[in-house]
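Chemist:
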Amino acid sequence: MSRNRLSSWLLKLRDRLGLRPWRAKAGPTEPLRVPSADETRRSVARFHSAVERSQLLDFIEERFPGLGRRI
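Read in numbering that gives the first Met the number 0, the sequence shown has 41 at position 42, and its numbers run on one by one without any break.
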């Protein structure tokens, strides 16, 4: 898969899973902020939940073509 196609595929997958890209935020004079352990755990939990949703949608799409896109 070419780099552009892979990037496009990843963007579509991210949108499908409802994930937001993580970006370190820096203020004008502040260093980059590292997320707290709790924030990281919540982020990982959201990611796992999104993966499970994606796997469920893939399963539904395989069993009932066309239905997965309407969910």
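From the three backbone atoms N, C-alpha and C, an ideal C-beta is built for every residue, glycine too.
Remember, predicted model here, so these are calculated numbers, not experimental data.
Less than 9 angstroms between the beta carbons of L10 and A49, yes or no?
Modeler: Position 11 of the sequence shown, counted from the start, is the residue given in the question as residue 10. Position 50 of the sequence shown, counted from the start, is the residue given in the question as residue 49. Going by C-beta atoms, L10 is not nearer than 9 angstroms to A49.
Chemist: With a cut-off of 8 angstroms on the beta carbons, I'd call S42 and R15 a contact; round off their distance for me.
Modeler: Counted from its first residue, the sequence shown places residue 42 at position 43. Counted from its first residue, the sequence shown places residue 15 at position 16. The pair is not a contact, with the Cβ atoms about 18 angstroms apart (cut-off 8 angstroms).
Chemist: Determine the DSSP secondary structure at S35, reduced to helix, strand or coil.
Modeler: Residue numbering aside, residue 35 sits at position 36 when the sequence shown is read from its first letter. Here S35 sits in coil by DSSP.
Chemist: Mapping the DSSP letters down to three states, classify L18 as helix, strand or coil.
Modeler: Against the sequence shown, residue 18 aligns to sequence position 19. Looking at L18 - three-state DSSP - the assignment turns out to be coil, as it is neither helix nor strand.
Chemist: Determine the direct distance from the alpha carbon of A36 to that of A8, and round the result to whole angstroms.
Modeler: As a first step, residue 8 is located in the sequence shown; it is residue number 9 there, counting from the start. As a first step, residue 36 is located in the sequence shown; it is residue number 37 there, counting from the start. One detail in the question is off: residue 8 reads as Trp in this sequence, not Ala. In a straight line, the C-alpha of W8 is about 30 angstroms away from that of A36.
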